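A.B. asks:
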Ligand SMILES: Nc1nc2c(ncn2[C@@H]2O[C@H](COP(=O)(O)OP(=O)(O)O)[C@@H](O)[C@H]2O)c(=O)[nH]1
Ligand SMILES: [Mg+2]
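In our numbering, the protein residues as written are 74 to 352.
1. Mapping DSSP to helix, strand and coil, what is residue 291?
2. Are there 16 or more other CB atoms within 10 angstroms of the CB of residue 77, so buried, or fewer, so exposed?
3. Count the other CB atoms, across all protein chains shown, that sit within 10 Å of the CB of residue 188; report buried if there are 16 or more and exposed otherwise.
4. Quick check: does the Cβ of residue 193 come within less than 7 Å of any heavy atom belonging to ligand 2?
5. If you pair each beta-carbon of the region 266 to 274 with each one of the region 197 to 210, do three or more pairs fall below 8 Å?
6. Alpha helix (DSSP H) containing residue 177: first to last residue?
7. Is residue 296 near residue 259, with beta carbons less than 8 Å apart?
8. Beta carbon of residue 285: closer than 7 Å to some heavy atom of ligand 1?
9. Just to check, is the beta-carbon of residue 165 closer than 7 Å to a non-hydrogen atom of ligand 2?
10. Comparing the CB of residue 240 with every heavy atom of ligand 2, is any distance shorter than 7 Å?
11. Starting from the C-beta of residue 247, find all residues in its chain whose C-beta is less than 6 Å away, skip the five residues before and the five after it, and write them out in chain order.
12. Please classify residue 136: is it buried, with 16 or more other beta-carbons within 10 angstroms of its beta-carbon, or exposed?
13. Between residue 188 and ligand 2, is the CB less than 7 Å from at least one heavy atom?
14. Which residue marks the beginning of the alpha helix (DSSP H) containing residue 272, and which one marks its end?
15. Name the two residues that bound the continuous alpha helix (DSSP H) containing residue 196.
16. Look up residue 153 in the DSSP assignment and say whether it is helix, strand or coil.
17. Could you round the C-beta distance between residue 288 and residue 157 to whole angstroms and report it? I think they count as a contact, below 8 Å.
18. Quick one, which of 298, 282, 231, 278 has its alpha-carbon nearest residue 255's?
19. So residue 240 and residue 164 are in contact, right, with Cβ under 8 Å, and what is the actual spacing, rounded?
Rendered as structure tokens:
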């Protein structure tokens with residue numbers, strides 16, 4: 074995260090504080106934003122000529138950034154959380170981080186090992202669940218993932234746990250298979266939760282850049298997403314996608330991953346993020 078914040082912060086401090094119409098400044102800033110994987114639409118909004126000539130460009134930029142990030146609806150905390158995303162995006166690691174975060178605040182958590190395609194995936198979540206202090210519901214490789222998630226929700230209900238998190242696989246033979254399976258899991262989880270709120274989080278790897286926008290669009294259209302968690306922000310200075318996703322898909326970034334460790338995670342505070350850039 075730090076490299077992206079540092080880069081964006083140095084960009085905004087480099088802008089002239091007095092002359093909001095300085096074209097050279099604006100063009101240089103726009104180029105820099107483009108190289109940080111911000112979408113053209115977002116850049117145009119951020120860099121549009123101020124209504125009042127001479128207005129401080131930094132002030133305008135700050136207001137516009139906040140406006141974009143706050144335009145996505147807030148994702149209310151939920152009791153049920155379904156983690157989806159492509160293979161390697163960081164779903165399983167993020168579940169451990171999120172579980173640990175909840176445990177640290179006194180909440181009890183049960184996780185459903187819904188990636189039943191590989192024995193190694195089941196072992197991975199089992200080890201992480203123990204490390205994070207979460208209950209786990211798992212089954213043998215090859216068992217229907219929806220039934221594992223169903224059983225995890227039942228465990229959450231019967232044991233009166235506070236949160237249930239469903240892990241899923243990210244790769245099937247085709248995208249259609251993956252989408253269909255995730256839809257089924259979501260339907261089963263919603264039904265089992267019986268009125269308790271479900272949030273579906275899409276996990277996106279920040280290092281893959283602009284392609285993640287297409288992924289978010291596809292998953293949102295076919296499955297419905299409530300929030301995005303962006304991982305591997307420690308590995309890139311190109312996290313401009315945070316703005317594009319909020320602006321063009323109306324989806325909030327709810328948390329970020331900043332390393333492989335179990336504590337390398339934080340909820341994403343949109344206002345604090347922008348204020349930090351201009352501090
Ligand atoms: N550097 C870094 N690596 C991460 C982060 N989140 C996950 N990873 C790594 O990404 C790889 C894939 O993670 P995993 O959770 O297994 O992905 P999944 O296939 O979506 O479940 C692992 O090597 C993780 O350690 C992060 O925030 N930063
Ligand atoms: Mg996984």
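Heads up, the beta-carbon is just placed ideally off N, CA and C, and yes, glycines get one too.
Only a predicted model underlies this, so the values are computations on that prediction, with no experimental measurement involved.
C.D. replies: Looking at the atomic coordinates:
1. Here the question's residue 291 lines up with position 218 in the chain shown. If DSSP states are grouped into helix, strand and coil, residue 291 belongs with the helices.
2. Working through the chain shown from its first residue, we reach residue 77 at position 4. By the 10 Å Cβ count, residue 77 comes out buried.
3. Mapped onto the chain shown, residue 188 falls at position 115. Around the beta carbon of residue 188, 16 or more other beta carbons sit within 10 angstroms, so the residue counts as buried.
4. Taking the chain shown and counting its residues from 1, one reaches residue 193 at position 120. Every heavy atom of ligand 2 is 7 Å or more from the Cβ of residue 193, so no.
5. With the cut-off at 8 Å, the region 266 to 274 and the region 197 to 210 do not touch.
6. Looking up residue 177 in the chain shown gives position 104. Residue 177 -> alpha helix (DSSP H) spans 164 to 177.
7. As a working note, residue 296 is residue 223 in the chain shown. As a working note, residue 259 is residue 186 in the chain shown. Cβ distance < 8 Å, so residue 296 and residue 259 count as in contact.
8. Walking along the chain shown from the start, residue 285 turns up at place 212. No, since every heavy atom of ligand 1 falls outside the 7 Å radius drawn around the Cβ of residue 285.
9. Reading the chain shown from its first residue, position 92 is the one you call residue 165. Look at residue 165: its beta carbon is less than 7 Å from one of the heavy atoms in ligand 2.
10. Counted from its first residue, the chain shown places residue 240 at position 167. At least one heavy atom of ligand 2 lies less than 7 Å from the C-beta of residue 240.
11. Taking the first residue of the chain shown as 1, we reach residue 247 at position 174. Close CB contacts of residue 247 within its chain, under the 6 Å cut and outside five residues either way in sequence, are absent.
12. Here residue 136 refers to the residue found at position 63 of the chain shown. Classification for residue 136: exposed.
13. The residue labelled residue 188 in the question sits at position 115 within the chain shown. At least one heavy atom of ligand 2 is nearer than 7 Å to the Cβ of residue 188, so yes.
14. Locating residue 272 in the chain shown gives position 199, counting from the first residue. Membership of residue 272 in any alpha helix (DSSP H) is not indicated; the residue belongs instead to the beta strand (DSSP E) covering 271 to 278.
15. By one-based count along the chain shown, residue 196 stands at place 123. Taken as a continuous stretch (DSSP letters only), the alpha helix (DSSP H) holding residue 196 covers 192 to 205.
16. Here residue 153 is taken as the residue at index 80 of the chain shown, counted from 1. In the three-state reduction of the DSSP assignment, residue 153 falls in the strand class.
17. Locating residue 288 in the chain shown gives position 215, where the first residue counts as 1. Locating residue 157 in the chain shown gives position 84, where the first residue counts as 1. In fact, because the Cβ distance is near 10 Å, the residues do not count as touching under 8 Å.
18. Numbered from 1 along the chain shown, position 182 holds the residue referred to as residue 255. Selection 298, 282, 231, 278 evaluated against residue 255 yields 298 as nearest (Cα-Cα).
19. Translated into positions along the chain shown, residue 240 becomes position 167. Translated into positions along the chain shown, residue 164 becomes position 91. Contact flag correct, Cβ pair sits at about 6 Å.
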